[in-house]
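J.: Numbering (this note's numbering), first residue to last: 4 to 349.
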Amino acid sequence: MTEQAAPTDILDAFGRPLRDLRISVTDRCNFRCRYCMPREVFGPDFEFLPRDQILTFEEIARLGGLFTQLGVRKLRLTGGEPTLRADLPALVAQLREAAPDTDIALTTNGSLLTRLAQPLADAGLDRVTVSLDTLDDAIFRDMNDVEVPVQTVLDGIDAAAAAGLRPVKINAVIKRGVNDHTAVDLARYFKGSGHILRFIEYMDVGATNGWVLDDVVPAAELAERVAAELPIEPVEPSYRGEVARRWRYLDGDGEVGFITSVSAPFCGDCTRARLSADGSLYTCLFAVLGTDLREPLRAGASDEELLDLLRGVWRIRDDRYSELRSAATPDVASLGPRIEMSYIGG
Ligand code: SAM
Ligand code: SF4
Ligand code: SF4
4 MTEQAAPTDI
14 LDAFGRPLRD
24 LRISVTDRCN
34 FRCRYCMPRE
44 VFGPDFEFLP
54 RDQILTFEEI
64 ARLGGLFTQL
74 GVRKLRLTGG
84 EPTLRADLPA
94 LVAQLREAAP
104 DTDIALTTNG
114 SLLTRLAQPL
124 ADAGLDRVTV
134 SLDTLDDAIF
144 RDMNDVEVPV
154 QTVLDGIDAA
164 AAAGLRPVKI
174 NAVIKRGVND
184 HTAVDLARYF
194 KGSGHILRFI
204 EYMDVGATNG
214 WVLDDVVPAA
224 ELAERVAAEL
234 PIEPVEPSYR
244 GEVARRWRYL
254 DGDGEVGFIT
264 SVSAPFCGDC
274 TRARLSADGS
284 LYTCLFAVLG
294 TDLREPLRAG
304 ASDEELLDLL
314 RGVWRIRDDR
324 YSELRSAATP
334 DVASLGPRIE
344 MSYIGG
């Protein structure tokens, strides 16, 4: 896909603009999803970031505003579980003020949305993505490993829709032998609901989830399984960097997406950067080294100095981990260590 570049846009080493910033607002979570924060690693002794190392709302809002000057059009709050951050609506309000024309979204496990959806919408949130991997209660409780029932998340999705955060996107990570046999049920449930379900291939993020390629159900296989029961046809991507392959139901009952990070990497169109909760900038989900923004922020750097720093980081960006992984699989360890998703923000 091609797209007109604006004069303020910066391009990385492969000509990719910076369009998307994912902001992790906390590294903590009230779930212990086995594929993300397994409790054997994230147990009672795990040391999360101390409060003074986490960016303040003012710092996040300032950075959000600066990023939009470099071409960012979408800010997404994530984590960890972003709704655990106290007074999240106040952060959304500050971001809205710093970036009035920018799309502000949230990715959440949905467990606290019944209470928070309306205040978040009132503060200026545009959209929400809720993670829900299965409708089978026993499997869901086992996957989140904290016994949260499916109904809590479904109530959160309803609250988001009622607050006007529509369409709600639903993210479902599919792991072979764990929840793949329940994927078609998920599709059937959300078909015609006005929400958009996206299946995500289980990824080798971080070093703690014991990823092996056999656990991945390739999107093509999953699409076939869905199509066998609910006829679908592919839709053209709507913008550069759109990560989900979209399919529409032939009977007009909406769409379903497939995020093919493992089977068909999309690095060539990757326009995202990630800001960790403690203020480091990462240019790839699989990056090992970030650039510390907190230090210059707290040392009194001017907007122009910060913008220069951000431009410098993006211009030399040459990340394409997923493409390299495709070439290296199954020996992914040869690509070196990786940062945990709960830290860098999914
Ligand atoms: N806690 C929030 C949530 O679960 O939506 C936001 C952070 S979470 C890290 C963001 C997304 O990453 C979720 O949709 C989650 O399912 C996904 N995720 C986590 N680990 C993953 C993995 N190993 N492979 C694919 N997706 C993963
Ligand atoms: Fe928490 Fe989200 Fe990771 Fe699950 S996927 S452990 S909800 S951060
Ligand atoms: Fe973007 Fe890195 Fe993912 Fe490739 S591997 S799509 S560069 S985040």
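Yeah, the Cβ is synthetic: ideal placement off N, Cα and C, and Gly gets one too.
None of the values given here were measured: they were computed from a predicted structure.
So, under 8 Å CB-CB, Trp250 and Glu236 are touching, yes? Tell me the CB distance rounded to an integer number of Å.
T.: For the purposes of this step, residue 250 is identified with residue 247 of the sequence shown, where counting begins at 1. For the purposes of this step, residue 236 is identified with residue 233 of the sequence shown, where counting begins at 1. Correct: roughly 6 Å between the Cβ atoms.
J.: Based on the DSSP output, what are the partners of Lys172 in its beta bridges?
T.: The residue you call residue 172 lines up with position 169 of the sequence shown. DSSP, once it has assigned bridges, lists Thr132, Ile199 as partnering Lys172.
J.: Cβ of Asn212 versus every heavy atom of ligand 2: is any distance shorter than 7 Å?
T.: Numbered from its first residue, the sequence shown carries residue 212 at position 209. No.
J.: Considering Cα atoms alone, identify which of Gly260, Leu296, Ile107, Phe193 is closest to Leu78.
T.: Start at 1 with the first residue of the sequence shown, and residue 78 comes out as number 75. Checking every option, the nearest Cα to that of Leu78 belongs to Ile107.
J.: Which same chain residues, not among the five before or five after His198, have their C-beta less than 6 Å away from its C-beta?
T.: Against the sequence shown, residue 198 aligns to sequence position 195. Excluding sequence neighbours, His198 sits near Pro170, Val171, Ile173.
J.: Under 7 Å: does the beta carbon of Val95 sit that close to some heavy atom of ligand 1?
T.: Stepping through the sequence shown from its first residue, residue 95 is reached at position 92. It does not: the Cβ of Val95 is nowhere closer than 7 Å to a heavy atom of ligand 1.
J.: Hey, would you say the C-beta of Asn112 is under 7 Å away from at least one heavy atom of ligand 2?
T.: Looking up residue 112 in the sequence shown gives position 109. The answer is yes for Asn112.
J.: Taking 7 Å as the cut-off, does the CB of Asn174 come closer than this to any heavy atom belonging to ligand 1?
T.: Start at 1 with the first residue of the sequence shown, and residue 174 comes out as number 171. Because some heavy atom of ligand 1 lies under 7 Å away, the Cβ of Asn174 counts as near it: yes.
J.: Which of the three DSSP states, helix, strand or coil, is assigned to Gly55?
T.: For this step, residue 55 is matched to residue 52 along the sequence shown. Correcting the residue type first, residue 55 is Asp in the shown sequence and not Gly. Reduced to three states, the DSSP call for Asp55 is helix.
J.: Answer yes or no: do Leu233 and Arg191 have a C-beta to C-beta separation smaller than 8 Å?
T.: Numbered from its first residue, the sequence shown carries residue 233 at position 230. Numbered from its first residue, the sequence shown carries residue 191 at position 188. Yes, the Cβ-Cβ distance between Leu233 and Arg191 is below 8 Å.
J.: Could you name the residues that DSSP lists as bridge partners for Thr111?
T.: Stepping through the sequence shown from its first residue, residue 111 is reached at position 108. Per DSSP, Val133.
J.: Do Leu66 and Ala28 come within 8 Å of each other at the CB atom, strictly closer than that value?
T.: Counting from 1 along the sequence shown, the entry for residue 28 is found at position 25. Counting from 1 along the sequence shown, the entry for residue 66 is found at position 63. Looking at the sequence itself, residue 28 is Val, so the reference to Ala does not match. A distance of 8 Å or more separates the beta carbons of Val28 and Leu66.
J.: Below 8 Å, how does it come out for the segment 129 to 148 and the segment 172 to 188: are there three or more Cβ pairs, yes or no?
T.: With the rule of 3 Cβ pairs closer than 8 Å, the segment 129 to 148 counts as touching the segment 172 to 188.
J.: Considering Ile229, what are the terminal residues of the alpha helix (DSSP H) in which it resides?
T.: By one-based count along the sequence shown, residue 229 stands at place 226. The residue asked about is misnamed: residue 229 is Val in this sequence, not Ile. That run of the alpha helix (DSSP H) goes 222 to 232.
J.: Can you tell me whether DSSP reads Arg314 as helix, strand or coil?
T.: Counted from its first residue, the sequence shown places residue 314 at position 311. For Arg314, the three-state secondary structure derived from DSSP is helix.
J.: Is Met237 helix, strand or coil when you go by DSSP?
T.: To locate residue 237, count along the sequence shown from 1; it is residue 234. Checking the sequence, you will find Pro at residue 237 rather than Met. The answer is strand: DSSP assigns Pro237 an E or B state.
J.: Could you tell me if the beta carbon of Glu307 falls within a distance shorter than 7 Å of some heavy atom in ligand 1?
T.: For this step, residue 307 is matched to residue 304 along the sequence shown. No, the beta carbon of Glu307 sits no closer than 7 Å to any heavy atom of ligand 1.
J.: For Ala16, which residues of its own chain have a beta-carbon under 8 Å away from its beta-carbon, when the five flanking residues on both sides are left out?
T.: Working through the sequence shown from its first residue, we reach residue 16 at position 13. Excluding sequence neighbours, Ala16 sits near Arg318, Ile319, Arg320, Asp321.
J.: Should the segment 38 to 47 be called in touch with the segment 60 to 76, which here means at least 3 C-beta pairs below 8 Å?
T.: no
J.: Does the beta-carbon of Phe34, which I'm using as the reference point, lie nearer than 7 Å to any heavy atom of ligand 2?
T.: Here residue 34 corresponds to residue number 31 of the sequence shown, with the count starting at 1. Yes; taking the cut-off as 7 Å, the Cβ of Phe34 has a heavy atom of ligand 2 nearer than that.
J.: Could you check what DSSP says for Asp12 in three-state terms: helix, strand or coil?
T.: Position 9 of the sequence shown, counted from the first residue, corresponds to residue 12. It is coil, neither helix nor strand.
J.: Taking 7 Å as the limit between beta carbons, can you name the residues of its chain near Thr71, skipping five residues before and five after?
T.: Residue mapping note: residue 71 aligns to position 68 of the sequence shown, counting from 1. Within the same chain, Thr71 has close Cβ partners Ala102, Thr105.
J.: Helix, strand or coil for Phe269? Go by DSSP, reduced to three states.
T.: To locate residue 269, count along the sequence shown from 1; it is residue 266. It is coil, neither helix nor strand.
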